[in-house]
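Residue 115 in the working numbering sits at position 107 of the sequence shown, with consecutive numbering throughout.
Working notes, beginning with the structure itself.
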Amino acid sequence: MNRRPIIIDCDPGYDDIQALILAKQCENVRVVAVTAVSGNVALKYTEKNALAITEYLGFDVPVASGAERPLFRDPLFAEEHHGEEGLLGMNLPEPSKKVVDKKAWDFIYDIAVELKGELEIVAVGPLTNIAIALMKYPELKDLVKTIYIMGGAILSGNSRFSTEFNIHVDPEAAKRVFESGIPFYLCPLDLTRQSYITDEEIVKVEEMGNKETKFFADITKLSMVTFSGNLPQRKDGIVGSNMHDPCTLLFADDNSIFDFEECYINVETFGKNAGKTVTDCYSDKQAEVKNGYLVKSVDRKAFVERVYSLLSKY
């Protein structure tokens with residue numbers, strides 16, 4: 009089978025690490041590069057974590073370093089959920105591999121040109137790298153086939169009451185991507201909060217008995233409470249880890265267990281609600297132009313089984 013080529017643009021982050029561990033074993037997509045962006049933690053850590061986890065996995069993919077800050081705003085981090093360096097206090101061996109000698113946006117463009125319109129991007133951090141690539145290379149919009157985005161919140165946020173972290177960090181970048189004309193699928197918090205794994209379910213991963221699945225299990229168990237305050241991650245009383253980035257990756261790999269709908273999607277960039285995603289998906293008033301797809305739900309049990317299946321390949 010010819011697997012579809014993807015770049016993972018990320019800000020590792022525990023759930024980015026989960027996604028990268030799963031990505032090596034995906035059946036329908038193959039990772040051709042990883043690009044790092046400032047987000048969950050500072051770029052010096054997201055870059056290092058991307059290098060370290062790919063080397064730890066024996067995952068032979070190049071890593072490029074990207075934006076240190078949003079397009080126009082001050083940096084915003086989420087150390088309270090990921091720890092100061094992004095790994096919830098866990099450690100990976102110091103990486104010997106280095107980032108490529110190109111910035112992420114140049115690397116994205118070069119790969120897109122090489123792949124002649126077949127490149128897809130799984131974006132699980134702030135969209136700064138992709139926005140810069142589009143600003144520098146306007147023709148990129150015709151060279152990227154699809155973007156899968158972990159971001160946004162329709163009902164309730166996590167960085168503020170109305171905003172999801174990735175979009176909140178750089179709403180101007182998100183707006184450029186949403187309005188670029190590239191087909192995209194948005195996987196918002198409303199979806200990714202459905203794709204959790206419980207403390208009981210993670211035991212099966214622990215029992216797989218190798219270093220890759222052990223790291224996945226250990227960082228997942230740590231993520232079941234916030235890094236500061238020891239508070240449960242979920243508000244519904246379930247002891248579990250919301251696998252935001254793995255959800256988006258697995259949708260890109262095989263969308264058969266998901267429901268999604270074509271709709272209009274954009275983002276507020278001014279005022280107290282800057283970073284709030286807006287859509288006509290649930291509205292009586294419909295936009296004339298539908299620019300993307302909103303991924304609305306997932307079969308959670310099937311999702312967990314797919315996680316098991318991919319991890320069992322290690």
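For glycine and all other residues, C-beta sits at the position ideal for the given N, C-alpha and C.
Annotation: Leu142 to Glu276 spans about 20 Å, alpha carbon to alpha carbon. In this structure, the beta-carbon distance from Glu93 to Tyr64 does not fall below 7 Å.
By the neighbour-count definition (other C-beta atoms within 10 Å, threshold 16), Gly159 is a buried residue. The residues Glu172, Pro196, Leu197, in chain order, have a CB closer than 6 Å to that of Ala161 in the same chain once the five nearest residues on each side in sequence are set aside. Within its own chain, the residues whose Cβ lies closer than 8 Å to the Cβ of Glu126, once the five positions on either side in sequence are excluded, are Arg12, Pro13, Lys153, listed in chain order. In terms of Cβ geometry, Leu194 and Ile140 do not form a close pair [threshold 7 Å]. Here DSSP, grouped into helix, strand and coil, assigns Phe311 to helix. Taken through DSSP and simplified to helix, strand or coil, Ala131 comes out as strand.
Here DSSP, grouped into helix, strand and coil, assigns Val297 to coil.
Annotation for Val69: Val39, Val40, Ala41, Val42, Thr62 place their beta carbon closer than 8 Å to its own, counting only its chain and skipping 5 residues before and after.
Cβ atoms of Gly248 and Thr206 come within 8 Å of each other, at about 4 Å. Gln241 has its alpha-carbon roughly 5 Å from the corresponding atom of Val233.
About 22 Å separates the beta carbon of Asp253 from that of Cys271, a gap too long to meet the 8 Å contact definition.
If you check the CB distance, Leu79 and Ala120 do not come in under 7 Å. Three or more Cβ pairs closer than 8 Å define a contact, and the region 173-189 falls short of that threshold against the region 213-229. Comparing alpha carbon positions, the residue from Gly165, Lys110, Tyr117, Val315 closest to Asp150 is Tyr117. Under the three-state reduction of DSSP, Thr256 is assigned to helix.
Judged by beta-carbon spacing, Lys110 lies beyond the 7 Å limit of Ala58, meaning their Cβ atoms are not closer than that value.
Inclusion of Gly133 and Asn166 in the CB contact set at 7 Å is not warranted, their separation being larger than that value. Taking a 10 Å sphere around the C-beta of Ser291, we find fewer than 16 other C-beta atoms and assign the residue as exposed. Look at Ala72 here: in three-state DSSP terms it is strand. Taking the C-beta atoms as reference points, Leu100 is found nearer than 7 Å to Ala60. Within the region 112-168, the complete beta strand (DSSP E) runs of at least 3 residues fall at 127-131, 152-158.
Bounds of the beta strand (DSSP E) holding Phe192 are 192-195. Val130 places its beta carbon 7 Å or farther from that of Ile29.
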